[in-house]
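**Student:** Residue numbers (the working numbering): 7 to 233.
Backbone N, C-alpha and C define an ideal beta-carbon position, used for all residues, glycine too.
Everything numeric in this text was worked out from a predicted model, so none of it was measured.
Following this message is one structure expressed as structure tokens.
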Amino acid sequence: GVSEETTTGVHRLYQMAQRGELPFPAINVNDSVTKSKFDNLYGCRESLVDAIRRGTDVMLAGKVAVVCGYGDVGKGSAASLRQGGARVIVTEIDPICALQAAMEGYEVQTLDDVAGSGDIYVTATGNKDVITVDHMRRMKNNAIVCNIGHFDSEIQVAGLKNFKWDEIKPQVHHVEFPDGKKIILLSEGRLVNLGNATGHPSFVMSASFTNQTLAQIELWTNRSAYK
Numbered sequence: 007g008v009s010e011e012t013t014t015g016v017h018r019l020y021q022m023a024q025r026g027e028l029p030f031p032a033i034n035v036n037d038s039v040t041k042s043k044f045d046n047l048y049g050c051r052e053s054l055v056d057a058i059r060r061g062t063d064v065m066l067a068g069k070v071a072v073v074c075g076y077g078d079v080g081k082g083s084a085a086s087l088r089q090g091g092a093r094v095i096v097t098e099i100d101p102i103c104a105l106q107a108a109m110e111g112y113e114v115q116t117l118d119d120v121a122g123s124g125d126i127y128v129t130a131t132g133n134k135d136v137i138t139v140d141h142m143r144r145m146k147n148n149a150i151v152c153n154i155g156h157f158d159s160e161i162q163v164a165g166l167k168n169f170k171w172d173e174i175k176p177q178v179h180h181v182e183f184p185d186g187k188k189i190i191l192l193s194e195g196r197l198v199n200l201g202n203a204t205g206h207p208s209f210v211m212s213a214s215f216t217n218q219t220l221a222q223i224e225l226w227t228n229r230s231a232y233k
């Protein structure tokens, strides 16, 4: 059996189960309260700004930061940027999460409306093609683009491959468009807190890994109960 720790990974397992394609028992570790409400939220609150600062040395105070997605990861990311002094705008398609963002005092917009006004863009949706090449073409010169959601599919990095790339330092690239405008892409669209920093602090991760250990013990000791 398996124990799955990520939101997107759990969604994939549920989809496989619904199609009758899941070939082994799986335990959903992500939705444990002591994982998702701590690792996803408070871990990202610590590690996002750490990664952006390590990668770019940018001053966050006064910047306009756009967080795409306001789930647990988005909540932590928005708080992280706000604590750094940025003015945070949230984009969110779920009406409940969007209302939560508004109640927290964030401006809620669509990405199409703010693609040209942000200084920093962070994806935290677990979805794909959230920030498209067209969005990036409209961004300010030297806008920072990064992902803390899942994999490298949230930002259309593949659509940028034909443009000029300049490695400023490891995991930090200038991508230049034909009109001469550039964006700063962190971690090539992969998880920025792992590519440009060292991930979440060990204390909050200890709660997640405790859940993983308990799940693996359950799968082993009661393996006859899982078919």
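Which runs of the alpha helix (DSSP H) at least 4 residues long sit entirely within the region 128 to 210? Give them in chain order.
**Tutor:** DSSP runs (the alpha helix (DSSP H)) wholly in the region 128 to 210: 139 to 144 and 198 to 201.
**Student:** Starting from the C-beta of V94, find all residues in its chain whose C-beta is less than 7 Å away, skip the five residues before and the five after it, and write them out in chain order.
**Tutor:** Translated into positions along the sequence shown, residue 94 becomes position 88. So the list reads A71, V73, A84, L87, R88 and Y112, once near-sequence residues are dropped.
**Student:** Over the uninterrupted alpha helix (DSSP H) stretch that includes E52, give me the two end residues.
**Tutor:** Within the sequence shown, residue 52 is the residue found at index 46, counting from 1. Run containing E52: C50 to T62, per the alpha helix (DSSP H) assignment.
**Student:** So, is I223 buried or exposed, given that buried needs 16 or more other C-beta atoms within 10 angstroms?
**Tutor:** On the sequence shown, residue 223 is found 217 positions in, with the first residue counted as 1. Its Cβ having fewer than 16 others within 10 Å, I223 is exposed.
**Student:** Alpha carbons only, please: which of G165, E160 and L197 is nearest the one belonging to S178?
**Tutor:** For the purposes of this step, residue 178 is identified with residue 172 of the sequence shown, where counting begins at 1. For the record, residue 178 in the displayed sequence is Val; it is not Ser. Closest by alpha carbon: L197.
**Student:** What distance in whole Å lies between the Cβ atoms of V16 and N34, which are believed to be in contact at a cut-off of 8 Å?
**Tutor:** As a position in the sequence shown, residue 34 is number 28, starting the count at 1. As a position in the sequence shown, residue 16 is number 10, starting the count at 1. About 5 Å separates the two Cβ atoms, so the contact holds.
**Student:** Check the DSSP bridge columns for A71 and list the partner residues they point to.
**Tutor:** For the purposes of this step, residue 71 is taken as residue 65 along the sequence shown, with counting starting at 1. According to DSSP, A71 bridges with V94 and I126.
**Student:** Indicate the three-state DSSP secondary structure (helix, strand or coil) for E224 in the structure shown.
**Tutor:** The residue labelled residue 224 in the question sits at position 218 within the sequence shown. DSSP places E224 in the helix class (H, G or I) of the three-state scheme.
**Student:** Per DSSP, A32 forms a beta bridge with which residues?
**Tutor:** Position 26 of the sequence shown holds residue 32. DSSP lists V8 as partners of A32.
**Student:** Closest by CA to E194, which one among P184, T204 and G165?
**Tutor:** As a first step, residue 194 is located in the sequence shown; it is residue number 188 there, counting from the start. Residue G165 is the option with its Cα nearest to E194.
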